[in-house]
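If you read the sequence shown in UniProt numbering, its first letter stands for residue 1, the second for the next number, and so on.
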Amino acid sequence: MFLYRTVCRRVTVPVLKKTTRNSRCSKIVLTRKLFNSSRCGCSADSRTSIRDQEVPVNTSDFVSVSQVKQKLLKNNHVFEDGHCCLSVDCVFCKSQSKLFINKITGFFICYGCSRAGSWQQLEHFLTNHSAASESQVEKEEGTEDGSAAWKKISKHLRPVGDLSEGERISVTQKLDFKTLPWSLLERKGVMLDDKNDEFYWPLAVPGNETVVPGYKTICTDLSEQCYPHSSAAGVVILTSEEGRAKTAVLVPTLRDSLALSLQDLKGIDVICLPHGQFSLPQTVLPILEEYEKLILWFDDDVTSWNNARLFARKLAIERCHLVRPIQETKSAFVAYKNGIDIAETLRNAQAMSHASIITFAQLRDDLLLELYSSDQATGIKWQRFPALNSILQGHRRGELTILTGPTGSGKTTFMSEYSLDLAMQKVTTLWGSFEIRNQRLVRTMLQQMAAAPLQDHRDQFDEWADKFTLLPLYFMTFHGQQALDVVMDTVKHAAYVHDVAHVIIDNVQFMLGLSSSESGFLDRFYRQDALIGAFRNFATTYNCHVTLVIHPRKERDGESLTTSSIFGGAKASQEADNVLIIQHKFSHSGLKIKKYLQVAKNRFSGDLGIIPLEFDRESLSFGAKNKEAS
Numbered sequence: 001m002f003l004y005r006t007v008c009r010r011v012t013v014p015v016l017k018k019t020t021r022n023s024r025c026s027k028i029v030l031t032r033k034l035f036n037s038s039r040c041g042c043s044a045d046s047r048t049s050i051r052d053q054e055v056p057v058n059t060s061d062f063v064s065v066s067q068v069k070q071k072l073l074k075n076n077h078v079f080e081d082g083h084c085c086l087s088v089d090c091v092f093c094k095s096q097s098k099l100f101i102n103k104i105t106g107f108f109i110c111y112g113c114s115r116a117g118s119w120q121q122l123e124h125f126l127t128n129h130s131a132a133s134e135s136q137v138e139k140e141e142g143t144e145d146g147s148a149a150w151k152k153i154s155k156h157l158r159p160v161g162d163l164s165e166g167e168r169i170s171v172t173q174k175l176d177f178k179t180l181p182w183s184l185l186e187r188k189g190v191m192l193d194d195k196n197d198e199f200y201w202p203l204a205v206p207g208n209e210t211v212v213p214g215y216k217t218i219c220t221d222l223s224e225q226c227y228p229h230s231s232a233a234g235v236v237i238l239t240s241e242e243g244r245a246k247t248a249v250l251v252p253t254l255r256d257s258l259a260l261s262l263q264d265l266k267g268i269d270v271i272c273l274p275h276g277q278f279s280l281p282q283t284v285l286p287i288l289e290e291y292e293k294l295i296l297w298f299d300d301d302v303t304s305w306n307n308a309r310l311f312a313r314k315l316a317i318e319r320c321h322l323v324r325p326i327q328e329t330k331s332a333f334v335a336y337k338n339g340i341d342i343a344e345t346l347r348n349a350q351a352m353s354h355a356s357i358i359t360f361a362q363l364r365d366d367l368l369l370e371l372y373s374s375d376q377a378t379g380i381k382w383q384r385f386p387a388l389n390s391i392l393q394g395h396r397r398g399e400l401t402i403l404t405g406p407t408g409s410g411k412t413t414f415m416s417e418y419s420l421d422l423a424m425q426k427v428t429t430l431w432g433s434f435e436i437r438n439q440r441l442v443r444t445m446l447q448q449m450a451a452a453p454l455q456d457h458r459d460q461f462d463e464w465a466d467k468f469t470l471l472p473l474y475f476m477t478f479h480g481q482q483a484l485d486v487v488m489d490t491v492k493h494a495a496y497v498h499d500v501a502h503v504i505i506d507n508v509q510f511m512l513g514l515s516s517s518e519s520g521f522l523d524r525f526y527r528q529d530a531l532i533g534a535f536r537n538f539a540t541t542y543n544c545h546v547t548l549v550i551h552p553r554k555e556r557d558g559e560s561l562t563t564s565s566i567f568g569g570a571k572a573s574q575e576a577d578n579v580l581i582i583q584h585k586f587s588h589s590g591l592k593i594k595k596y597l598q599v600a601k602n603r604f605s606g607d608l609g610i611i612p613l614e615f616d617r618e619s620l621s622f623g624a625k626n627k628e629a630s
């Protein structure tokens with residue numbers, strides 16, 4: 001676990017702790033002391049004098065599966081080659097548990113002893129077989145936290161077997177069911193919080209019924225939550241009476257799994273994913289290894305379809321099938337309510353196509369879906385920038401956006417709120433802030449979320465910090481110049497492990513170490529073009545939206561920026577799907593009087609336009625909705 005400490009003008013910024021083992025991409029845990037001091041007044045000139053502790057960089061997030069196999073064979077470990085993982089007898093615990101090694105990242109986990117870590121740690125242990133090398137392999141953090149949380153909270157819950165008939169009828173009606181499989185709920189250890197009318201369903205792992213790595217909850221208002229909030233190492237699994245089947249249907253909600261559990265589905269297991277359709281952590285993949293066929297049944301909107309395709313790539317696309325829902329079968333629960341033959345629906349699930357080959361017959365349903373849900377097909381709508389929806393229509397996967405604007409115009413502040421808006425709508429986001437520290441970025445985002453100066457509302461810090469922690473936000477630990485290959489490796493790792501849907505690079509010049517005074521124009525233009533090409537290819541291949549913040553070239557004072565003002569060659573504006581420019585409107589005397597956002601390119605609809613920007617210093621916000629809230 002690495003610690004950051006930044007000192008600026010004798011103001012100490014408290015430690016931010018990393019909560020993942022990947023040293024280049026992390027979630028951030030907010031400490032209460034972060035906002036106890038007054039706002040740090042760093043100027044642009046003083047940024048370079050800020051000293052920071054060096055952040056270790058792991059140079060290989062991906063592994064060669066052939067090298068992993070050779071290492072296992074060399075150490076006389078017989079392995080099974082599965083869909084997503086290699087499995088061997090666990091080298092740490094004395095039970096009969098299997099240790100699973102992810103074939104993409106090398107991440108390993110044993111559900112028997114809860115040991116987990118990177119391939120480098122496992123390789124070191126296999127080489128040395130020492131107590132010191134074994135001590136470096138910790139128990140899986142999410143499993144430990146989830147297990148402790150379940151033990152603590154279950155003491156205050158009632159087993160569903162203790163409910164009276166009247167209480168069961170009341171709960172069944174509140175969840176909008178005609179009946180519920182009470183014997184199954186009792187067998188799975190489901191419990192009820194009487195005070196809040198909330199079901200607690202423990203997560204499970206195969207082969208270790210004594211460990212509860214977390215839980216999912218469903219309230220009578222039909223909202224669902226999972227603990228741990230990310231990277232849970234278990235699922236809700238409903239097996240057939242004969243034992244685990246060779247086919248499983250994956251659903252995102254507990255209501256979907258309850259609806260399927262009421263059906264006579266012989267030879268099919270029902271699995272509710274811990275984080276729904278928004279994240280499929282690699283800690284869950286080994287649980288699904290033994291299934292020869294996986295049926296994904298998500299919602300009927302475009303986002304759900306994109307997520308299903310993303311999950312299929314992680315699960316081995318050749319064994320994945322997709323229920324292509326219509327209005328009557330948009331989800332398993334809706335199909336149950338409409339009296340649809342669910343067994344027949346599952347039999348008609350279509351095989352996912354090869355990643356590189358597609359036919360019109362496979363596109364036909366996609367096109368029909370877009371016609372029926374044209375609003376959803378245009379992307380996620382901004383809540384804080386409604387005027388942006390009328391021009392760009394929405395935020396879509398697979399696109400490349402360029403944001404530029406004069407120095408000091410508020411590019412980072414705007415992009416902070418822009419991404420916060422999307423993250424609050426469950427768009428998993430990876431921030432690469434190469435110019436300012438993650439501490440300052442997180443503080444800005446939290447203040448924008450709270451819509452008030454944090455130092456004046458310290459009593460509300462815990463409330464807002466808890467809400468912020470639930471957002472699907474990740475931050476790269478880079479700062480300053482970095483090699484393109486290293487950054488791209490990190491981005492691809494995040495797309496696979498965290499299911500990232502939006503990547504932000506702020507900004508390109510700082511990442512590449514470019515400056516307008518640097519000699520060798522052809523070299524720096526070539527390097528920037530290579531970066532643009534790499535991220536354009538990544539956005540298309542991984543179906544992930546990429547936003548690049550790029551400084552403009554030097555322009556004469558008072559002149560408006562255009563797409564040709566973007567620093568570097570023409571490749572940036574040519575490759576981009578969207579170009580956003582923060583402009584200053586000047587008076588005749590040369591004073592800046594207005595600020596607005598110009599949409600200078602929009603490949604999706606072709607609509608262009610400008611949006612007035614009014615900055616609120618109290619909330620650090622440009623968004624109209626946020627200012628109204630304050």
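Backbone N, C-alpha and C fix where the C-beta goes; we use that ideal spot for every residue, glycine too.
Item checked: residue 388 (DSSP reduced to helix, strand or coil) -> helix
Check: When we look at the beta-carbon of residue 399 and count the other beta-carbons within 10 Å, is it buried (16 or more) or exposed?
Finding: With 16 or more other Cβ atoms within 10 Å, it is buried.
Note to self: By the DSSP assignment, the alpha helix (DSSP H) with residue 491 in it spans what residues?
What the structure shows: 484-497
Checklist line | Segment contact flag, the stretch 493-503 with the stretch 405-418, C-beta cutoff 8 Å, min 3 pairs | finding: no
Notebook entry, point to check: Does the stretch 528-548 come close enough to the stretch 560-579 that 3 or more CB-CB pairs lie under 8 Å?
Noted result: yes
Next item on the list: Check residue 48 in the structure and name its three-state DSSP category.
Entry: Low local confidence applies: a pLDDT of 31 at residue 48 is under 50, so the model's placement there is unreliable, and no value is given.
Next item on the list: Could you tell me the distance, in whole angstroms, from the CA atom of residue 631 to the CA atom of residue 442?
Entry: With the chain covering only 1 through 630, there is no way to say anything about residue 631.
Next item on the list: Report back the beta-carbon spacing between residue 482 and residue 538 to the nearest angstrom; my notes put them in contact at under 8 Å.
Entry: Residue 482 to residue 538, Cβ: 15 Å. No contact.
Item checked: Continuous alpha helix (DSSP H) assignments of at least 4 residues falling wholly in the stretch 143-187 -> 165-174 and 182-187
Notebook entry, point to check: How is residue 97 classed by DSSP in three states: helix, strand or coil?
Noted result: Here residue 97 sits in coil by DSSP.
Margin query: For residue 513 and residue 473, I'd like the C-alpha separation in whole angstroms.
Written below: 26 Å
Item checked: Same chain, Cβ closer than 7 Å to residue 602, neighbours up to 5 away in sequence not counted -> 391, 392, 578 and 608
Item checked: As assigned by DSSP and simplified to three states, the class of residue 260 -> helix
Next item on the list: Go ahead and label residue 498 buried or exposed: buried means 16 or more other beta carbons lie within 10 angstroms of its beta carbon, across all protein chains shown.
Entry: Residue 498 should be labelled buried.
Item checked: Where residue 553 falls: helix, strand or coil (DSSP) -> coil
Notebook entry, point to check: Can you give the Cα-Cα distance for residue 419 and residue 460, rounded to whole angstroms?
Noted result: 23 Å
Next item on the list: Measure from the alpha carbon of residue 303 to the alpha carbon of each residue in 408, 159 and 381, then state which is nearest.
Entry: Looking at the Cα atoms, 381 is the closest of the given residues.
Note to self: Please report the distance separating the alpha-carbon of residue 280 from that of residue 265.
What the structure shows: Looking at the two C-alpha atoms, the distance is approximately 24 Å.
Next item on the list: From the DSSP output, in three-state form, read off residue 104 for me.
Entry: coil
Check: How is the alpha helix (DSSP H) around residue 344 delimited, first residue to last?
Finding: Annotation for residue 344: the continuous alpha helix (DSSP H) segment containing it runs 342-347.
Check: Is the CB-CB distance between residue 547 and residue 500 below 8 Å?
Finding: no
Margin query: If you reduce the DSSP assignment to three classes, tell me which class residue 573 lands in.
Written below: helix
Notebook entry, point to check: Count the other CB atoms within 10 Å of the CB of residue 518; is the residue buried (16 or more) or exposed (fewer)?
Noted result: In this predicted model, residue 518 has a pLDDT of only 46, less than 50, meaning its place in the structure is not dependable; the value taken from the coordinates is given anyway. Exposed, because fewer than 16 other Cβ atoms sit within 10 Å of the Cβ of residue 518.
Note to self: As an exercise, report each continuous beta strand (DSSP E) stretch of at least 3 residues that is fully enclosed by the stretch 192-266, in chain order.
What the structure shows: 198-202, 215-219, 224-227, 236-238 and 247-251
Next item on the list: Give the straight-line distance between the Cα atoms of residue 446 and residue 426, rounded to the nearest whole angstrom.
Entry: The straight-line gap from Cα to Cα measures roughly 16 Å.
Next item on the list: Please classify residue 437: is it buried, with 16 or more other beta-carbons within 10 angstroms of its beta-carbon, or exposed?
Entry: buried
Next item on the list: Kindly indicate the opening and closing residues of the alpha helix (DSSP H) around residue 124.
Entry: 119-128
Note to self: Can you tell me whether residue 560 is helix, strand or coil according to DSSP?
What the structure shows: coil
Margin query: Quick check on the burial criterion: 16 or more other C-beta atoms within 10 angstroms. Buried or exposed for residue 593?
Written below: exposed
Notebook entry, point to check: What do you get for residue 60, buried or exposed, if any count of 16 or more other CB atoms within 10 angstroms of its CB means buried?
Noted result: At residue 60, the pLDDT of 46 sits below 50, so the modelled position is not reliable and the matter cannot be decided from this model.
Item checked: Status (buried if at least 16 other CB within 10 Å, exposed otherwise) for residue 565 -> Buried.
Checklist line | Given 8 Å, three or more beta-carbon pairs between the stretch 112-121 and the stretch 138-148 | finding: yes
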